[in-house]
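Novice: Position in the sequence shown (from 1) plus 327 gives the number in our numbering.
Glycine is no exception: its CB is placed at the ideal position from the N, C-alpha and C atoms.
There's a structure below that I have some questions on.
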Amino acid sequence: MTPEQMDEKLTSLTRYSAADRQSGSPRLTLTFEAKPELDPVYTDSYSLTFKITRDSDDPQKEPCIIHWDPVEDGFSQSGIIILHHESNEELRPIQVEPSQLPAKQFHPRDVPASDPCFKQLTPGDTVSWEMALPSVYFDSFIEDHLYEIFWPGGQISLWDWGTLVEHNDQLVPKFPAMVLPGGQHQSLEIINIESDIEDDIASGPSPRPLSPSARVSDAPVFSVSVAGPARLSMKDRNVSGGLCYPVTVTVTYNAAPDPLEEKPVIFHTFIFKDIDNRNNGFRLYVGGKDGWRPHELNGLLTHHLYRFCFPDPFHVGHSQDRFRTLRPGESCSLTREVSDFPKNAAPGDVFRYGYKGGKLDWWDWGNFGDHEDTVVWIYGGVTDPKDNEGRPGIMIPASNLIEFTIVE
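This is how it looks when you write it as structure tokens:
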């Protein structure tokens, strides 16, 4: 679709333009900002930042107040429109059931200064709100397709001249309403992180599996073993439709650095749950005429997986889903799934899978009760405190390998 064709289509969908502004009312303009791409598999939220700006050359110089709700006004039936770029170079609005969108309310409102929907503007001022796109739109998005987010124009009926301080009563709908002209639009591409992985792209030789000699003295001694079925049926699929092979991971605290030490160790389990990794953690190997070769993963995968994430604080003593505790001689089991296979995987193909070794990102002495008040920041692995607060790193050598065959 050419820019001219897009402009023509968007113009036909515009509800209010600058020509609809009423003489003597404040001149306001709405714009919005959002990321140009979205992967619904790895993020369940998509935020838009709405901005309303009063023209700096507005002939009316008196301050004004407005009530604009980013939910009711931004995402109601009279709010933004999301259009799908069709294969025939047409733009088609996504059809959403009206009852699933917020309803626009027209009634008097009290004017508390604490209400974020009430704003005061003088010429040149800008106010903003950040709000997540209603999840109902996610059901309509199609992978690898392009969409257009469009503001068709709207009205603000709750407005008046003056300041918020001067209005300590109710604001009633004002007629004629103030106009927010349409026209702002931005493209949104629906992507799939998995598509960034090219099976035939290698990022250099993968490090060898970690040997027991990599263990650090004065650190607890850990080991890992893996187990799984001997066959994987082509019918065993995950919710995304890909092959899915279940693995049981057993983590054992073999020995304390001091043979007389019986204190428990508490540790973060991220390395046992993280995606397959070419450098450490878990790895899939493909059988062939020339022996076994690792199924290479492109570095883009890890980059994309955490690109929407930010560190979050967790209380260690209250996060049993992220941490485990063991005494010398004890073991615990976790489950994981192998879901990244070569694109041409077929019945008869043979694979091996195992833990190639790695370092625990965080551990400490004690159990959950000892760490009720311990807070760590997690961004995949623990990022703060850094370097495990000086405790020696627990290096866990490579595990055994499971061998399995794909069957019909």
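Could you check what DSSP says for PHE402 in three-state terms: helix, strand or coil?
Specialist: helix
Novice: Assign ILE483 to buried or exposed, taking buried as 16 or more other Cβ atoms, counted over all protein chains shown, within 10 Å of its Cβ.
Specialist: buried
Novice: Give a yes or no on contact between the stretch 356 to 368 and the stretch 377 to 388, applying the rule of three or more CB pairs nearer than 8 angstroms.
Specialist: yes
Novice: Compare the Cα-Cα distances from ILE598 to each of SER544, HIS512, VAL613 and TRP690 and report the closest residue.
Specialist: TRP690
Novice: Within its chain, find whatever has a CB closer than 7 angstroms to the CB of SER405; leave out the 5 residues flanking it on each side and keep chain order.
Specialist: Apart from sequence neighbours up to five positions away, the residues of its chain that approach SER405 with a beta-carbon distance below 7 angstroms are LYS431 and GLY481, ordered along the chain.
Novice: When DSSP builds the beta bridges, which residues end up paired with ALA582?
Specialist: VAL548, per the DSSP bridge assignment.
Novice: Should PHE650 and ILE705 be called a contact, given that it needs their Cβ atoms to be closer than 8 angstroms?
Specialist: no
Novice: Using alpha carbons as the reference points, say which of PHE695, GLY685 and LYS336 lies closest to ARG535.
Specialist: GLY685
Novice: So ALA582 and PRO724 are supposed to be a Cβ contact under 8 angstroms. How far apart are they, rounded?
Specialist: The Cβ separation is near 14 angstroms, so there is no contact.
Novice: Whole angstroms is fine: what's the gap from TYR373's alpha carbon to GLY618's?
Specialist: Taking the straight line joining both Cα atoms gives about 45 angstroms.
Novice: Might you give, ordered along the chain, the residues of its own chain that have their beta carbon closer than 7 angstroms to the beta carbon of PRO719, omitting 5 neighbours on each side?
Specialist: VAL543, ASP545 and ALA546
Novice: Just to confirm the assignment, what range does the alpha helix (DSSP H) spanning LYS600 have?
Specialist: 597 to 600
Novice: For PRO435, count the other beta carbons within 10 Å of its own beta carbon; 16 or more makes it buried, fewer makes it exposed. Which is it?
Specialist: That one is exposed.
Novice: Per DSSP, which residues does PHE477 bridge with? Please list them.
Specialist: ILE408 and HIS512
Novice: Tell me where the beta strand (DSSP E) around VAL332 begins and ends.
Specialist: Residue identity differs from the one stated: residue 332 is Gln in this sequence, not Val. Run containing GLN332: none in the beta strand (DSSP E); it sits in the alpha helix (DSSP H), 330 to 340.
Novice: In whole angstroms, what separates the C-alpha of PRO443 from that of LYS590?
Specialist: 52 angstroms
Novice: In the DSSP assignment, what residue or residues form a beta bridge with GLU493?
Specialist: GLU493 is not bridged to any residue.
Novice: Judging by CA-CA distance, which residue of SER350, PHE731 and ARG342 is the nearest neighbour of PRO503?
Specialist: Of the candidates SER350, PHE731 and ARG342, the one whose C-alpha sits nearest the C-alpha of PRO503 is SER350.
Novice: Checking 8 angstroms against the spacing of the C-beta atoms, do ASP366 and VAL506 come in under that value?
Specialist: no
Novice: Put VAL643 into one of helix, strand or coil per three-state DSSP.
Specialist: helix
Novice: Could you tell me which whole beta strand (DSSP E) segments of length 3 or greater appear in the stretch 677 to 713?
Specialist: 677 to 682, 690 to 692, 702 to 706 and 708 to 711
Novice: Check whether the Cβ atoms of ARG342 and GLY489 lie closer than 8 angstroms to each other.
Specialist: no
Novice: What is the residue span of the beta strand (DSSP E) that ALA459 lies within?
Specialist: 453 to 459
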